[in-house]
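Down below is the structure, laid out as structure tokens.
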Amino acid sequence: MPALLSLYRHLNPGDPAMEPDLAAGRFAEMLVHPGMTVFVSAVGETIGSSVTLVIIPNLTRGGMPYALIENVVTDARFRKRGHAGALIRRAFDHAWQNGCYKVMLLTGSDNPATLKFYKGCGFVQNKTGFQVRRPAGI
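Following this line, the structure appears as structure tokens:
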């Protein structure tokens with residue numbers, strides 16, 4: 086877990102550090118959460134990249150679940166070496182093995198290289214995404 090938290094600093098460097106007890110509790114929840122898988126690639130003793138996949142049960146599409154990819158991150162020292170792409174392909178395989186009819190991903194990046202990367206992984210940019218953030222003070 087400490088290695089994963091260190092990696093996540095590359096994703097959102099402005100996020101405050103989590104208290105160790107809170108981080109341990111959240112990680113324990115993630116490990117037992119049905120349908121959630123955290124894929125990592127190791128570079129020696131370091132986690133070089135990570136992808137989180139969540140499989141969500143569904144009552145449409147004949148009951149076939151769908152999946153969501155979140156927290157795609159690669160340590161800056163290991164970028165452009167295929168780590169994240171390999172993890173995304175592994176996440177796709179896991180989703181298909183679990184009967185998912187689609188895998189979705191949202192990115193907050195408008196960096197052309199990032200968008201090209203996701204397209205190169207097989208994603209098609211053909212939907213409109215929306216989000217709402219938790220209001221301050223709630």
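Numbering (the working numbering), first residue to last: 86 to 223. We put the CB at the ideal spot given by N, CA and C, even for glycine. If you're wondering where the values come from, they're calculated on a predicted model, not measured in any experiment.
Other residues of its chain near residue i: CB distance less than 7 Å, five sequence neighbours each side excluded
i	result
residue 219	none
residue 179	122, 138
residue 187	151
Opposing strand residues paired with residue i [DSSP bridges]
i	result
residue 91	Residue 91 is not bridged to any residue.
residue 189	153
Contact test: residue i Cβ vs the ligand GTP heavy atom, cutoff 7 Å
i	result
residue 173	Judged by which ligands are present, the structure shown has none, so any question about the ligand GTP falls away.
Close beta carbons around residue i, own chain, < 8 Å, minus the five adjacent residues each side
i	result
residue 194	200
residue 176	122, 124, 136, 138, 152, 154, 188
Residues of its chain near residue i, where Cβ-Cβ distance is below 6 Å and the 5 sequence neighbours each way are ignored
i	result
residue 170	206
residue 155	137
For residue i, three-class secondary structure by DSSP
i	result
residue 115	helix
residue 163	helix
residue 215	coil
residue 152	strand
residue 205	helix
residue 129	coil
residue 96	coil
residue 145	coil
residue 173	helix
C-alpha gap between residue i and residue j, whole angstroms
i	j	result
residue 142	residue 214	20 Å
residue 90	residue 144	35 Å
residue 159	residue 112	19 Å
residue 147	residue 212	21 Å
residue 115	residue 184	21 Å
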